[in-house]
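Start counting the sequence shown at 883; every next residue gets the next number (the working numbering).
Here the structure comes first, spelled out in structure tokens, and everything after it is commentary.
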Amino acid sequence: MARNVYGLDLGSYEIKVYDKKKDTIWKEKNVIAIANKKEVFAVGDEAYEMFEKAPANIQVVFPMKDGVISRFNDMQYLLQGLLKKDRGFARGAEYVIAVPTDVTEVEKKAFFDLVIHSTARAKEVNIVERGIADAVGLNLDVQNTKGLFIVNLGGDTTELSILAGGGIVLNRLIKVGGATFDNAVAQLVRYNHDFLIGKVTSEILRKRFGVFSEDNSASLTVAGRDLITGVPQQREISISLVRAAIKDPLEECIHCIHSLLDRTPPEVRKAVYRNGIFLTGGLANLPGLEVYMEEMTGIRVRTAIDPDICAVTGLKQIIQSKELRKLAYSMLDENYRWMR
Ligand SMILES: Nc1ncnc2c1ncn2[C@@H]1O[C@H](COP(=O)(O)OP(=O)(O)OP(=O)(O)O)[C@@H](O)[C@H]1O
Ligand SMILES: [Mg+2]
883 MARNVYGLDL
893 GSYEIKVYDK
903 KKDTIWKEKN
913 VIAIANKKEV
923 FAVGDEAYEM
933 FEKAPANIQV
943 VFPMKDGVIS
953 RFNDMQYLLQ
963 GLLKKDRGFA
973 RGAEYVIAVP
983 TDVTEVEKKA
993 FFDLVIHSTA
1003 RAKEVNIVER
1013 GIADAVGLNL
1023 DVQNTKGLFI
1033 VNLGGDTTEL
1043 SILAGGGIVL
1053 NRLIKVGGAT
1063 FDNAVAQLVR
1073 YNHDFLIGKV
1083 TSEILRKRFG
1093 VFSEDNSASL
1103 TVAGRDLITG
1113 VPQQREISIS
1123 LVRAAIKDPL
1133 EECIHCIHSL
1143 LDRTPPEVRK
1153 AVYRNGIFLT
1163 GGLANLPGLE
1173 VYMEEMTGIR
1183 VRTAIDPDIC
1193 AVTGLKQIIQ
1203 SKELRKLAYS
1213 MLDENYRWMR
């Protein structure tokens, strides 16, 4: 029987998997709930349901932080748990993993170790830089392009990549993502209303109000806790408050786009201006973001159709095509021998 191949895009917010044999893509929250500090209580979406609601003996943990694996053992338990949930990672399979470029080699190797030494017992592991996987997922001609700008806006991070001639020219990973926006919203609500809301509630507010909309008088009633009386309550939060909160992180993204463009070789930059900027990652769904980015950069901006699964869709295409396979490299290559 031919061995199965999986494409993995491990995100701080969600894990995305392509299963070649079943020819499906699925995703699950990158969360694990641990009871009494040792037993795995729930994993994935089920564990996320408990986030901010769990009793004191259950700890809800995100094993990845800022795009890299921060709690290796928990991440292994999580993969193992998904396996039990009938997500069925067959043993001895091949893995193609999307990894961020702007991280240390040790952080990159953690992705490799995760599948090669764990329950997954991979036979072969190949790595694709996420910016490249995204470009393939966007159906762009990675091999022949003279200049592409991909911005992957995720849960914890934003990864900016400039591609040309089948490779990455410049890449930066910044610690601004959906969680940064949500923290900013929660903080401003707290400051202005003496009212405490959770991250899940901030996320609802942010998703609803986005960056631009016609109706600037909108508001949403949310649940939280009054900080003065300590009593759980409902409050009306206005769109202008949410907009004010997300202004800073948005501007930071724009600033990074500009500074990366400044460092781009002129020929490549010209091509980028011609081709425009492409948005991927779940946060690219934020209402109005595309228009905002276009206005702030003066460059045409387009968003992937399903931005959150764009990179894993790219992995799918790379796995299926002999030609695109060249974009993946093995961690067992000479360069990596010293690390084993
Ligand atoms: N419809 C939507 N509107 C606004 N934001 C959204 C929407 N859908 C998802 N998001 C946001 O997208 C983010 C998750 O995106 P994604 O799955 O690409 O992140 P990730 O890959 O897990 O994280 P990272 O790349 O930072 O490690 C979350 O912050 C989520 O709130
Ligand atoms: Mg991601």
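Virtual Cβ for every residue (Gly too), placed ideally from N, Cα, C.
Heavy atom of ligand 2 within 7 Å of residue i beta-carbon
i       : result
Gly1036 : yes
Asp891  : yes
Gly1163 : yes
Those residues which DSSP pairs with residue i across a bridge
i       : result
Ile1014 : Looking at the DSSP assignment, Ile1014 forms no beta bridge with any residue, so it has no partner.
Phe1031 : Ile1044, Ile1159
Ala924  : Ala915
Val1183 : Ile1159
Asn1053 : Ser1043
Phe1077 : Asp1108
Arg1117 : Val1104
Tyr900  : Gly889, Ile907
Ser1212 : Asn1008
Ala980  : Asp891, Val1010
Ile951  : Met946
Ile940  : Ala917
Alpha-carbon to alpha-carbon, residue j and residue i
i       : j       : result
Lys1152 : Leu1052 : 15 Å
Ala1166 : Gly1036 : 8 Å
Glu976  : Ser1141 : 38 Å
Cys1135 : Thr1162 : 14 Å
Asp1016 : His1075 : 40 Å
Met1213 : Leu1045 : 21 Å
Glu934  : Lys911  : 15 Å
Tyr1155 : Ala1066 : 32 Å
Lys1081 : Val1104 : 12 Å
Lys1129 : Leu1070 : 12 Å
Lys902  : Val978  : 11 Å
Glu1205 : Leu961  : 30 Å
Arg1072 : Lys990  : 37 Å
Lys1005 : Glu931  : 34 Å
Gly926  : Gly1059 : 20 Å
Asp1108 : Asn886  : 53 Å
Assumed close pair residue i, residue j - CB separation to whole angstroms, cut-off 8 Å
i       : j       : result
Phe1063 : Pro1169 : Not quite, the Cβ-Cβ distance comes to about 13 Å (not below 8 Å), so this is no contact.
Cys1192 : Gly1019 : 4 Å
Val1171 : Val1010 : Sequence check: residue 1171 is Leu here, not Val. With a Cβ gap of about 25 Å, Leu1171 and Val1010 do not count as contacting.
Val1183 : Gly1029 : Not really, about 15 Å apart at Cβ, beyond 8 Å.
Any non-hydrogen atom of ligand 1 closer than 7 Å to residue i Cβ
i       : result
Thr1111 : no
Leu1020 : no
Tyr895  : yes
Ala917  : no
Thr1039 : yes
Ala1061 : yes
Glu1085 : yes
Gly1170 : no
Met946  : yes
Asn1065 : no
Gly949  : yes
Asp1190 : yes
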